[in-house]
Amino acid sequence: DARVTQTPRDKVTEMGQEVTMRCQPILGHNTVFWYRQTMMQGLELLAYFRNRAPLDDSGMPKDRFSAEMPDATLATLKIQPSEPRDSAVYFCASGLNQLNEQFFGPGTRLTVL
Amino acid sequence: EDQVTQSPEALRLQEGESSSLNCSYTVSGLRGLFWYRQDPGKGPEFLFTLYSAGEEKEKERLKATLTKKESFLHITAPKPEDSATYLCAVQAHITGNQFYFGTGTSLTVIP
Numbered sequence: 001d002a003r004v005t006q007t008p009r010d011k012v013t014e015m016g017q018e019v020t021m022r023c024q025p026i027l028g029h030n031t032v033f034w035y036r037q038t039m040m041q042g043l044e045l046l047a048y049f050r051n052r053a054p055l056d057d058s059g060m061p062k063d064r065f066s067a068e069m070p071d072a073t074l075a076t077l078k079i080q081p082s083e084p085r086d087s088a089v090y091f092c093a094s095g096l097n098q099l100n101e102q103f104f105g106p107g108t109r110l111t112v113l
Numbered sequence: 001e002d003q004v005t006q007s008p009e010a011l012r013l014q015e016g017e018s019s020s021l022n023c024s025y026t027v028s029g030l031r032g033l034f035w036y037r038q039d040p041g042k043g044p045e046f047l048f049t050l051y052s053a054g055e056e057k058e059k060e061r062l063k064a065t066l067t068k069k070e071s072f073l074h075i076t077a078p079k080p081e082d083s084a085t086y087l088c089a090v091q092a093h094i095t096g097n098q099f100y101f102g103t104g105t106s107l108t109v110i111p
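As given, the protein sequences belong to chains G and R, one line each in that order. Mapping the first sequence onto our numbering, position 33 (from 1) lands on 33, and the numbers just tick up by one. Mapping the second sequence onto our numbering, position 59 (from 1) lands on 59, and the numbers just tick up by one.
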């Protein structure tokens, strides 16, 4: 049963610390998305990649966030330094292209104290 | 200005009571409109993609329709297991590659 995996599932950290979230997309999917979900803002697209190249990261605060795909089986989202307002659930999703269905992972719940 | 607006925010239905959820959008040059279902504590689950006005898609008790300004998700004879938050998203040519999600409709189906 192919599915997107994300680690860690929960992360509690203190303001100013670096946070790295990881995502393993479904094998064969060439498009990977990072989203953030909060009660106030709902689901927001942060960045996405096709064939490991960033296609759009306009939704991401550039000064503290970075997203990469070191290889086809791993996507990372890094926050440095973290702030309390970054507290949210971060979802990774993968798909065959940007207009096909996206398969979401279970999310990483981040709490920055 | 919000690109996507969903209504109502919350909806309670009796089992078997059909209804519709609305997603209105203001972007022009629509590339695709997407419906997702999200259960508490889980990631969204894809339901449909609609590409052009007049298009309809069905899956079990759900049917999605699209006009030039809005989409409807019709739920026929809902069951308690249909309870979830339903999210709508759009991607438009004019906004480049960005996806915009609505804030969702929380549906509760009472047995």
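Yeah, the Cβ is synthetic: ideal placement off N, Cα and C, and Gly gets one too.
The DSSP-derived three-state label of residue 36(G) is strand. For residue 86(G) and residue 13(R), the gap between their C-alpha atoms comes out near 35 Å.
DSSP, reduced to helix, strand and coil, places residue 80(R) within a helical segment of the structure shown. The residue among 63(R), 67(R), 45(R) with its C-alpha nearest the C-alpha of residue 54(R) is 67(R).
Nearest to residue 65(G) by C-alpha distance, out of 24(G), 109(G), 55(G), 77(G), is 77(G).
The three-state secondary structure of residue 71(G), taken from DSSP, is strand.
Contacts with chain G at 9 Å (Cβ-Cβ) include residue 100(R). If you ignore the 5 residues before and after residue 89(G), its C-beta comes within less than 8 Å of the C-beta of 36, 37, 38, 107, 108, 109, 110, all in its own chain and listed in chain order.
For residue 89(G), the uninterrupted beta strand (DSSP E) run begins and ends at 88-95, by DSSP. DSSP places residue 12(R) within a strand segment (E or B) once states are collapsed to three. Judged by their CB atoms, residue 63(R) and residue 56(R) are nearer to each other than the 9 Å cut-off. In the DSSP assignment, residue 87(R) is bridged to 36(R). Taking the Cα positions, residue 84(G) is about 32 Å away from residue 51(G). The Cβ atoms of residue 91(G) and residue 43(R) sit closer than 9 Å to each other.
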